[in-house]
Each structure stands twice: as C-alpha cells, then as structure tokens.
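What follows is a single structure, written as structure tokens, with notes after it.
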Amino acid sequence: MAIADILRKTVAASLTSLYGQDFTGSDFQVNQTKPEFEGDYTIVLFSLVKRIKKSPDQCGNELGAYLLQQHPDLFSGFNTIKGFLNLSISNGFWLDVLTQNFADASFGRTPAGKGKVMVEYSSPNTNKPLHLGHLRNNFLGWSTAAILEADGQQVVKTCIANDRGIHICKSMIAWQLFANGATPASTGTKGDHFVGDYYVLFGTELKKQVDELVAGGMDKEEAEKQAPIMQQAQQMLVDWEAGKPEVIALWKKMNSWVYEGFETTYKRIGSDFDKTYYESETYLLGKDLVETGLAKGVFFQKEDGSVWIDLTAEGLDQKIVRRRDGTAVYITQDIGLAVRKHEEFGCDKSIYVVGNEQDYHFKVLKLICQKLHLPDADNIYHLSYGMVELPGGRMKTREGTVVDADDIIDEMVKVAREKTEELGKVKDFTPAELTELYDIIGLGALKFFLLRVDPKKKMLFNPEESIDFHGFTGPFIQYTHARIKSILRREMPGPANISTPLLPLEKDLLVAMEQYPSVIEQAAASFDPSLVANYAYSVAKTFNSFVTEHKVLAAETEEKKQLRLRLCQMTANVIASAMQLLGIRVPERM
RNA sequence: GGCCCGGUAGCUCAGUUGAAUAGAGCAACUGCCUUCUAAGCAGUAGGUCAUUGGUUUGAAUCCAAUCCGGGUCACCA
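By the count of my numbering, the first sequence reaches residue 982 at its end, each step adding exactly one.
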C-alpha cells in the first residue's frame, strides 16, 4: 500500500480512538511536506477543528504524539506548525521500500485481473497522410493502453480506418481527372502522400470551378453544390455504395497505396493494433441499425427521404443519420461499429481517442446508442484531446498548414544525430547502433513533447522552439538513464544489509519512487499519460541532484555504496518503466 | 446567437479532492567539468493566477457575472 494511503488509514484510526468519533481518510488532507519544513508527509488539521473542538496545534500535538507512540516503526518524529502536522517517516520504512523493490523491473505495475477495456485510437482517413495532430492521437492512444495494462486491465487496441465516404471519393475523382495513370511507384512517392496530393488537388479544382460559377452570378453556397467536380464526387459515392465494379476497383487500388504508406509510419512510431476495423465493413451494419431504429420510432424520416433523430429534448439538435440519397453519414458507421465491437470483444469500457472537435459528435453517438438500447452504450467513453496548433493557428490539410508526421519525425531524428555528433560521446558505436540511437532520441523527444501536456488541453507546436533536448524533455530523462547505466556497468549491487541513516537527497529519491504505483493508478483512472511524463521527469531531476552531490562508487563506506547502487538500479528501473508506458525507449548509452 | 473548453512568469506548461512564501522548463544572468556522461548541477531575476463580486478559518482551485481566445451547432469526416 502506498504511504499516503497508509497515513490516511492510520491517522483516521488514531483520530477515532483519540476522540471517540468515527473518522475516515477523507476527513483530512495528506500532502507531501514542503521542503522548507521538517518532515515527509503533512496532515492538514483545519478540517478537524470543528469536530474535535480543539485548536489545530493542540490537535496536531496530541495526534502526533499518539501516532509516534502507537507506530514507532513507521514514524520517527513530528512537529506542528500553524495547523499542519508534519510527520517524519522512519528510515526503516524507506529502506524497506528500497530493499523490497530495487531489483524488480515490474515495480509499480498491477498484475492482470481488473477487467477488460478497449482503446480505439489513430482512426485515420485514407485520403491523406498523417500529420502532427495524428501523432498526438497515436501516442496518446498507445500510451493510455499501456498505462491501463500496467494498472492490471486487459486491453484491446483497435483502429477504425475511415476508408469510405465523400472525402475518399474526392481523392479518387481528382486522380481520375489529373493523374494520367501515375502511381506512387511511378512517381517515387510514399503512397499516403501520393493520394493526399490528389485530395489537395480536388480542393484546388473545386475552388476554381466555384469561382467561375460565382463570377457567373451564382451564390457561393449553391456554387459549391453545383460545381461539376463536386457532383462527380457525390455520384461516385452513390456508385461506390451500389458496388459499381470500376469504382470499387479504383477505391481498392488507392486505399492500398495509402495503407502501405501508413504501415511505414506506424512501424516507425510503434503504433500497433489488435484489430483494425474498416468503415467500409461497418457502415452497412450501421444502415441496418438505422432501419431498426426507424421501425422502433427512435428515428424519423423527412419528406425527402432523409432519416433523422430528434435530440432537442436532450438539449441538442436534430441529427441526420442517413442521407436523402440513401447513403450513410459519418455517424451511421459509428453506430454499427459500436455493435460490432461488442459482439467481438465485449469490454467493460470502450474508449475512443478522438479530438475534442468531435465532442458533440460523441455526445450524440452515445445518446443514439442508448436510445437504440444497444449493449455497452453506457460504457462508451470519449477520450477527448486538444488540437495541436501552430504559431499561425490550427493545422488544415486543405490549406497546406500542416506539420507532416513523416517530416517531423525525420527532423527530430536529424536533430538527434547532429546533437549527438556534436557531443561526440558515442564514437565507438557501429552505424547500426547509431541509427537506432538517433531514432530512440529523436522519437523520444517528439513523443515526450506531445505527451507531457494534459491531453484535454490544446497545445502549441512552434517548430523553431519546440525541438529541444534540454530540461523538461524526453532526452533529459533518457540521458539520466544512460548515466545511471554507466555507473551500473562498473558495478552492480551486491549482497548487503543496509541500515544506514538516509541523507536528504537519498531519501528524496525514495520518496519519489515510492509514489510510482500510485502514479500509474492515477494515470489509468484519468486516462492521462501526462501524469506519467511529469513523474518520470521529476524522478530524473531528483536523481541528478542526488548524483552530483553524492558519489556512488566512491561512497564514504561500503554500506553507503551498496545503498546508492540500489538507488541507482531502482531509479533506472522506474525511469525505464515509466518511459515504456509513454512508448519511449531509453538507451544504455548516449 | 445556443452549447462545450480554455485564460497561471516574456514563451511553453505543472499546480487531483480548497491550505504554509503559486512551481518547472525555455529564453536572460552568475557559478561548477584532471575523480561514476556538463543532453547535467547549484543559484539570481522574472507573477495583480484575465477582471469583479461571493462562499470559507483559508481560494489559482468552488459559485456568479463580465471580458478575451478556441471549438462546435454540415445531407464533411
């Protein structure tokens, strides 16, 4: 049990026996003691004053003395200052934490057995390449899954390929019109970029046609509908749903190019899935459910044949679930997918990692599923994350203001190489080892940068300033790990019986590491990898302070050396473990 | 306009369930590499926690109003 929980329990029990009323752990706050005061953990007494009817200081002194007397193994002292009871935890407790866990690489993790959860992430459109926003999604999804697993849950990672719909038809039409049979192979272009270029081309051509129509006196909204290229795209979607062979063939061909490109990128960033769903396979099930809902009266049909749900009673609007021409919309397939997921895996919770611009969509989706009485409807959880913005504002593919995923990865790896060469510490590495190291550092920097921020909040990426390998960054933590390994390569902990008093910096480290299991638990409960990132950073920082102040191999005594070697090993384990939860590898040397 | 989210140092961000003098990193400045990796450490400077009012022994945190920014309300996804 975590020390904070032990304190909560112990203090509640002590209060109960001291004052003859029932107290629970939530009647008071347990904080880490601020550095300027003596002690390790602090009980905030103000909330108790009303019930006990004594001054905070008197209460603190009574409670402190009682705790010390009842639990001499756990506490070594206390002081009460202005309503705060500062407790010193005994040396022995911290040494126990160390000796029990220093060699355990799985320290902090809970064995499986807490239920089953599905994490859907990535969810790309197969008409354009991935950009920085998709990377945030992938890193967040992968890391959340890893954290849930470390928390003892069985995790199923899924991906939905949004491989059908009007947006796909746009790339296809543009390719038909302008490509003259060109392919990724014939142009030497990565498949997803190749198709993305035609998506952009569609937009350019559409704008041209709209401008012409507007010049001819049509209003803009109407022109966008009437533009020939748009009509062609819409016709193509109808043909696609009707299964017209040449359309299906083209669609398969272009999607296969995109998948090939995605595969390369996924491999590079380490995204993997237990199951990939395709919208082209789930939308029909969704359309069936629309029929069912129509029969049940959950949906209603308008005169033009389009099908809707009325959510005005829930404070939302009416939402279309099937177009006038009978084709499916975005949300149609999501309804089908929810059912498919349940049939196949039946999880206790179904998490969708999708940007916060779709908050409304998921609110509607959940409501629709509930109204249809679909199983697991209540278990839908939208893990909504903020957009990645550039100094000039949002990224928009159509406007070309995106940071391409492949480009930014290459750039980070390049900077990692330059920086490493500059420092010249690994000149004996083979070329293969160097390539791997640059990947570890470059991707580590990128992943850490995107994961260290609260997922819910939008974040800013400034290409000029955001690529940094110092301070609160992935490479800083990787570097700390490499330094520890450098010590451990010279000597590993040997047998020892340690009872030496802990110096402040030694204890700070143990206090930090003792919190690791709670950090995982909290990160899992709130689906928030940034807690793990912040934690890993604070552990690394604490270690660096310790190691510059105290020698390990040349410690004052053999016992001290053994103590510090254990601290080194445990810190390296915790850092490596926490970084693994973020999908970041740590090097032995750098 | 309705609904949702946000506003903390020059910049990027922490600050879980209210508590002690609001913390990091970057940028700026000062020190520290003949001894375990200086991608490091120690320090200086930098704040009206958007504004106003309220609740409380105590508010960056809770409530209300206002101002500012973003998202969304598509027969796009």
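All C-beta atoms, glycine included, are put in the ideal place defined by N, C-alpha and C.
Delimiting residues of the alpha helix (DSSP H) encompassing N471: Looking at the DSSP string, N471 is not in any alpha helix (DSSP H); the run it does join, the beta strand (DSSP E), is F467 to I473.
Contacts around V548, its chain only, beta-carbon distance under 8 angstroms, and the 5 residues preceding and following it disregarded: These residues qualify, in order along the chain: K508, V509, M510, V511, D666, K667, F737 and C739.
N-terminal and C-terminal residue of the alpha helix (DSSP H) that S406 is part of: I395 to Y411
Distance CB(M962)-CB(N493) smaller than 8 angstroms: yes
C-beta atoms of K520 and Y433 nearer than 8 angstroms: no
I701 versus V756, L974, A720 and S578, residue with shortest Cα-Cα distance: Considering only alpha carbons, the answer is V756.
Any beta strand (DSSP E) of 3 or more consecutive residues that is wholly inside the region 634 to 670: 667 to 670
Beta-carbon gap between G653 and D584 smaller than 8 angstroms: yes
Status (buried if at least 16 other CB within 10 Å, exposed otherwise) for R881: exposed
Rounded C-alpha distance that separates E950 from L902: 19 angstroms
Three-pair Cβ contact test at 8 angstroms for the region 863 to 883 versus the region 455 to 463: Note that the region 863 to 883 does not touch the region 455 to 463; fewer than 3 beta-carbon pairs, one per stretch, sit closer than 8 angstroms.
Buried versus exposed, by CB contacts within 10 Å (16 or more), T940: exposed
When S468, P448 and Q710 are compared against K474, the one with the closest alpha-carbon: The option with the nearest alpha carbon to K474 is P448.
Option nearest S515 by Cα separation, candidates F531, T502, I800 and D820: Selected option, being the one with the closest Cα: F531.
Rounded Cβ spacing between L843 and S480 (contact assumed at less than 8 angstroms): The Cβ separation is near 35 angstroms, so there is no contact.
Terminal residues of the beta strand (DSSP E) in which K442 lies: Unbroken run through K442 is the alpha helix (DSSP H), F438 to I444; no beta strand (DSSP E).
Through-space distance from M905 to H734, alpha-carbon basis: 39 angstroms
Distance between R786 and E541 (C-alpha atoms, nearest Å): 33 angstroms
Helix, strand or coil at N610 [DSSP, three-state]: The sequence shown places Met at residue 610, rather than the Asn named in the question. Coil, per DSSP.
Whole-number beta carbon distance between G452 and T472, since they are thought to touch under 8 angstroms: The Cβ separation is near 3 angstroms, so the contact holds.
Three-state class that DSSP yields for Y744 in the structure shown: strand
Euclidean distance between Cα positions of W486 and S468: 12 angstroms
Rounded distance between the beta-carbons of V721 and R714, thought under 8 angstroms: 7 angstroms
Best match in L410, F864, R400 and L923 for proximity to S418 [C-alpha to C-alpha]: R400
For E780, the nearest candidate out of P855, N647, I890 and K819 (CA to CA): Looking at the sequence itself, residue 780 is Val, so the reference to Glu does not match. Comparing Cα-Cα distances from V780 to each of P855, N647, I890 and K819, the minimum goes to P855.
Cβ-based burial, H523 [other Cβ within 10 Å; buried from 16]: buried
Segment contact, 8 angstroms Cβ cut-off, at least three pairs: the region 829 to 846 with the region 921 to 934: yes
Beta-bridge partners of H523, as assigned by DSSP: D796
Beta-carbon proximity list for G431, same chain, < 6 angstroms, skipping 5 on both sides: T425, N478, L479 and S480
Option in K953, A574, I912 and L897 with minimal Cα separation from T934: L897
Minimum C-alpha distance to T872 - residue among K679, V944, L815 and M982: M982
DSSP-derived helix/strand/coil call for M510: Here M510 sits in strand by DSSP.
N478: first and last residue of the uninterrupted beta strand (DSSP E) it sits in: F476 to I481
6 angstroms Cβ shell around R383 - same chain, five flanking residues per side excluded: Residue 383 lies beyond the range of the chain shown here (393 to 982); nothing can be said about it.
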